[in-house]
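Residue numbers (this note's numbering): 1263 to 1880.
Shown next, in the form of structure tokens:
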């Protein structure tokens, strides 16, 4: 199966007649470069009769241009303290939607570089490609897989244009695979069919695929995963699969990335069933594994040298029935830890923990191993930070190395933004066994969104149940990051460091107004949880100081205070009230458009760039 990404074509001529319309993305048409001077006058004339030209997407008839028409999608202001590069992807998405309504089949995207955003053109192209994705189920019943014949990309010179289109195509191919697996319905992408899809995608590529399907092997090697699979195993088309991927770049291996993805093809909650209408949307609980497959697709395209990548996709359905696993069961993990099941709806950590343990065992023999887990694991992170921001957690050596801030800066380049959180000792205490029967408690009996520190504690569980806490050479650090329909949880280690990334579901959770930590300049911020009071004060010369004391009840951070040593920033506390969804809803069932797969794909690529494995990405 070929990954049929939307074709891209670069050009240096904005009047290229191979296209049937122009989509202009910029802050102001008054500041266009000389090469685009011909686009300025028509927009000046139009603005004389419509003052909303900078606020709405407009279509202007311009004789002599490609297709004699120009779509202008203004980014709006981009230089305020709270603006970021997403202005360009948002504008491009709106522009391409308007172009489709206008009937364009060969649109030319024109986004001149902005001095404040090095990758603004690439971000705009990716925003347009996000809209142009066609779901797998639709493609299988249409003669053409694409919404337009070709998407043109304007650049000042040919080399720059080719570099942008090449990288955008590679990134989009990974997002394409990720969306196909993560967004397709629970029958089309049941575990056996995911395995078939992955084998077809990576046929005749540098990626090797191995599928584990035999029940005896699953029960012996991955007992926690097998417990979750027990009910679904009675239905052949729902039976679990462990899909293993391997990529070895050319040349001597300098580092090894080991990635485990959660792939719950459908999450009923199991015996602790998702009641009250919150089950809808749980077909996207496989987006962690989808992100793993997408990452390997990018590897197959970019072919980075001197790196080995080992992947595992834990594809399981969390079904409910007479043979489903239940709370109070004791399960012994691959690492030999006795686990008491507290909530069958905390199945994601169960299906990943034995694969993480296996990766840990293999990592001891690899060159510079970096362990990652990727999962749609908790909705609590959305409650804490809102639907559009990632949460970064460091611990110990990772914090001292400034890891979280490095990821935060990397995320700003392509619009994958982070907030800083921390794993604490309470998270480990939470998962300690409560009796001599068990060593580890899998979960309490509440949803993560109703549990204090609900997005931090699962990281502690994975560490403990996989035996990572018993490996003295690892100094653990954690990163927790929010994505659109997925959780991404990464472990990776360099020398004595392990880092952990967790991206949570955010789509239509009803928590849309929440946010936190908007970077400004020259200020110190303290958020301290105290009694029911709120105190804020401003001003000293050119500095702003903001102290926000919030109630501990339902804040999502328990009794822990957060000290954010940033300069000149604003903190808006995320209030947990949910106007549109029930309080326990993690995913939501109203998802506009295709899956947004940016966080996982881009973050790993940023990580590559940081270690100079793919220096041409930026």
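Every residue, glycine too, gets a C-beta built ideally from N, C-alpha and C.
Which residues in the same chain as residue 1302 place their Cβ atom closer than 6 Å to its Cβ, once the five residues preceding and following it in sequence are excluded? 1291, 1294
Please state the DSSP three-state secondary structure of residue 1681. In the displayed model, residue 1681 falls within a strand according to three-state DSSP.
Quick one: what's residue 1655 bridged to in DSSP? 1683
Kindly indicate the opening and closing residues of the alpha helix (DSSP H) around residue 1647. 1642-1647
Using CA atoms only, rank isn't needed, just tell me which of 1674, 1432, 1681, 1477 is closest to residue 1267. Checking every option, the nearest Cα to that of residue 1267 belongs to 1432.
Backbone CA spacing between residue 1391 and residue 1434 [nearest angstrom]: 7 Å
To the nearest angstrom, how far is the alpha carbon of residue 1753 from that of residue 1721? Here residue 1753 scores only 30 on pLDDT, less than 50, and its place in the model should not be relied on; the value that follows carries that caveat. The alpha-carbon atoms of residue 1753 and residue 1721 are separated by roughly 10 Å.
So, residue 1502 versus residue 1439, is the Cβ gap smaller than 8 Å? no
Using beta-carbon positions only, say whether residue 1593 and residue 1601 come within less than 8 Å of one another. Yes, they are a contact pair.
Any idea what DSSP makes of residue 1414, helix, strand or coil? strand
Just checking residue 1492 against the ligand HEM - is the residue's beta carbon closer than 7 Å to any of the ligand's heavy atoms? In terms of ligand content, the structure shown is empty, and the ligand HEM therefore cannot be addressed.
Coil, strand or helix - residue 1535 by DSSP: In the three-state reduction of the DSSP assignment, residue 1535 falls in the coil class.
Which stretch, first to last residue, makes up the beta strand (DSSP E) that contains residue 1422? Not the beta strand (DSSP E): residue 1422 falls in the alpha helix (DSSP H), residues 1420-1445.
Counting only beta-carbon separations shorter than 8 Å, does residue 1628 have a partner in chain C? Note that chain C does not occur in the displayed structure, where there is just one protein chain.
The region 1344-1363 in contact with the region 1640-1648 per 3-pair CB rule at 8 Å: no
Reference residue 1709; option with closest CA among 1581, 1407, 1344, 1536: 1536
Nonlocal neighbours in the same chain, by C-beta distance under 6 Å from residue 1263, ignoring five residues either side: 1462, 1463
Assuming residue 1590 contacts residue 1582 under a Cβ cut-off of 8 Å, what Cβ separation, rounded to an integer in Å, is found between them? Actually they are not in contact, since the Cβ atoms of residue 1590 and residue 1582 sit about 16 Å apart, beyond 8 Å.
On the three-pair Cβ rule with 8 Å, is the region 1604-1617 touching the region 1523-1537? For the pair of segments examined, the region 1604-1617 was found to touch the region 1523-1537: the number of CB pairs separated by less than 8 Å reaches three.
Three-state secondary structure (DSSP) at residue 1330? helix
Rounding to the nearest angstrom, what Cα-Cα distance links residue 1576 and residue 1359 in this structure? Rounded to the nearest whole angstrom, the CA to CA distance from residue 1576 to residue 1359 is 36 Å.
Does the beta-carbon of residue 1476 have 16 or more other beta-carbons within 10 angstroms, so that it is buried, or is it exposed? exposed
Below 7 Å CB to CB, which residues in the same chain sit around residue 1485 once its five sequence neighbours on both sides are set aside? 1593, 1594, 1595, 1596, 1616
Is it true that the region 1441-1449 meets the region 1559-1570, where meeting means three or more beta-carbon pairs spaced less than 8 Å apart? no
What three-state label does DSSP hand residue 1826 in the structure shown? Model confidence at residue 1826 stands at a pLDDT of 36, short of 50, so the residue's coordinates are unreliable and nothing is read from them.
Please state whether DSSP places residue 1281 in a helix, a strand or coil. In the structure shown, residue 1281 adopts coil according to DSSP, grouped into three states.
May I ask which residues mark the beginning and end of the alpha helix (DSSP H) holding residue 1558? Where residue 1558 is concerned, the enclosing alpha helix (DSSP H) stretches over 1549-1564.
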